[in-house]
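K.L.:
Quick one: the structure is below, and I'll ask about it shortly.
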Amino acid sequence: MTKTLKIIEVKSEIGAGTRGASLGVDAIKIAALDFGSRFFKKHKSVDVPTENHLLLESTGSPFAKRISGILTMVERVSDEVSSTLAKGEFPIVLAGDHSTAAGTIAGIKAMYPKSKLGVVWIDAHADLHSPYTTPSGNMHGMPLAMALDEDNLEAKVNKLDQETINYWYQLKNVGKIAPKINYRDLVLISARDMERPEAALLKKHKVQIFTTAELRKRGVERTVIETLKYLDHCDLIYVSFDVDSLDPTASRGTGTPVAQGLTEREAGKLMSGLITNQKVCCFEIVEVNPTLDRENQMAEHAFEILIKATNAFRNE
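Residues in the sequence shown are numbered from 1 upward in steps of one, following the UniProt record's numbering.
This is how it looks when you write it as structure tokens:
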């Protein structure tokens, strides 16, 4: 029997350096209306409360901006994801900035603490910074480090105050499991914009990366097959799709666009191919920013990818 889909809406943008990602979920809903779709009417949804009021206050630590609010959001998302899974429902997370993905991972592990979780991270960036290495302090560049319990002290450039150290420790330990994933259980797709500390970690741990060029050389279908084969030892798989994995020629409606990305067609085939695997327990789409867009193009791309993925999940 096909599981009931549940949309988890996370309209948070406190982890981003550019304003507007909190409007992304509603932009996707507007795209659905423009396409005449009843998708959001048909499926259950829940709106996770945000801490966006912190945008009007001091950022706090320069190396982990609004970290207290990030901790709150990661905990809330974790609770919602684990609760959804506990009810036998399939969570689809639509979020603003990517920092809350740490909560998605924490929620899966809270529900399945003894299961080995594989992660497919489709993103222009590696998101492996910690407060010790970040050049910006924006925490949407840190969710994988949170999940991996990674400080990367070998590349340390920032001296943290004790309050930041304490919050960072709590973030890595949400759900009382750390690390939640291992480097061997991680696949990056379309990653092409990494700083030196992140690149060093990827090389050190021999992380599997499929660049856009490699994906095109292999073909999307072969890339899907190789990704799933690489994660075959995992019990569960989670797929996170950041729209900045798309090429800016498709749309610039995201905070950190990077050239040489995927086309919408490639992304749709990639997501639908991955989602058909029975081990996939959750997928997520993040970082749509309509304030940087023209005519809501990125939200339309995101909605089309969402529909292709859910149709594949339902075998339609």
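Just so you know, even glycine gets a beta-carbon here, dropped at the ideal spot from N, CA and C.
Contact check, residue 13 vs residue 20 under 8 Å by CB: the rounded distance?
P.N.:
About 7 Å separates the two Cβ atoms, so the contact holds.
K.L.:
Going by DSSP in three states, residue 242 sits in which element: helix, strand or coil?
P.N.:
Three-state DSSP puts residue 242 in a strand.
K.L.:
Any idea what DSSP makes of residue 179, helix, strand or coil?
P.N.:
Three-state result, residue 179: coil.
K.L.:
Strictly by DSSP, which residues pair up with residue 121?
P.N.:
Per DSSP, 188 and 240.
K.L.:
DSSP on residue 67, reduced to helix/strand/coil?
P.N.:
It is helical.
K.L.:
Roughly how many angstroms separate the alpha carbons of residue 139 and residue 174, rounded to a whole number?
P.N.:
Cα to Cα, the separation comes out at about 16 Å.
K.L.:
The alpha helix (DSSP H) that contains residue 275, what's its start and end?
P.N.:
264 to 275 is the span of the alpha helix (DSSP H), which, as asked, contains residue 275.
K.L.:
Measure the Cβ-Cβ separation of residue 99 and residue 164 and say whether it is below 9 Å.
P.N.:
Not closer than 9 Å, so no.
K.L.:
With a CB to CB cut of under 6 Å and the five nearest residues on each side skipped, what residues in its chain are close to residue 300?
P.N.:
Excluding positions up to five away in sequence, the list reads 31.
K.L.:
State yes or no: is the C-beta of residue 51 within less than 9 Å of the C-beta of residue 69?
P.N.:
Cβ distance < 9 Å, so residue 51 and residue 69 count as in contact.
K.L.:
Throw me the rounded Cβ distance for the residue 210 and residue 241 pair, which I believe falls under 8 Å.
P.N.:
The pair is not a contact, with the Cβ atoms about 14 Å apart (cut-off 8 Å).
K.L.:
Counting Cβ pairs, one atom from each stretch, are 3 or more of them under 8 Å apart for the stretch 261 to 274 and the stretch 106 to 116?
P.N.:
Not touching, per the Cβ criterion.
K.L.:
Which residue marks the beginning of the alpha helix (DSSP H) containing residue 304, and which one marks its end?
P.N.:
Unbroken alpha helix (DSSP H) run through residue 304: 297 to 313.
K.L.:
Residue 274 and residue 262 - do their beta-carbons sit closer together than 9 Å?
P.N.:
Going by C-beta atoms, residue 262 is not nearer than 9 Å to residue 274.
K.L.:
Under 9 Å between the Cβ atoms of residue 103 and residue 77?
P.N.:
Contact flag set, yes.
K.L.:
Measuring CA to CA, which of 168, 188, 53 and 134 is closest to residue 223?
P.N.:
Of 168, 188, 53 and 134, the residue nearest in Cα terms is 188.
K.L.:
Mind checking residue 49: buried by the 16 CB within 10 Å criterion, or exposed?
P.N.:
Flag for residue 49 reads exposed.
K.L.:
For residue 115, which three-state DSSP category applies?
P.N.:
Residue state, collapsed to three classes: coil.
K.L.:
Roughly how many angstroms lie between the CA atoms of residue 317 and residue 166, to the nearest whole one?
P.N.:
Residue numbering for the chain in the displayed model covers 1 to 316; residue 317 lies beyond these limits and cannot be assessed.
K.L.:
If you drop the 5 nearest sequence neighbours on each side, which residues of the same chain put their C-beta closer than 6 Å to that of residue 43?
P.N.:
Closer than 6 Å at the Cβ level, and outside the excluded window around residue 43, lie 5 and 7.
K.L.:
Quick one: Cα of residue 318 to Cα of residue 144, how far?
P.N.:
Lying outside 1 to 316, the shown extent of the chain, residue 318 is not represented and no answer is given.
K.L.:
In whole angstroms, what is the alpha-carbon distance linking residue 16 and residue 260?
P.N.:
One C-alpha to the other measures close to 22 Å.
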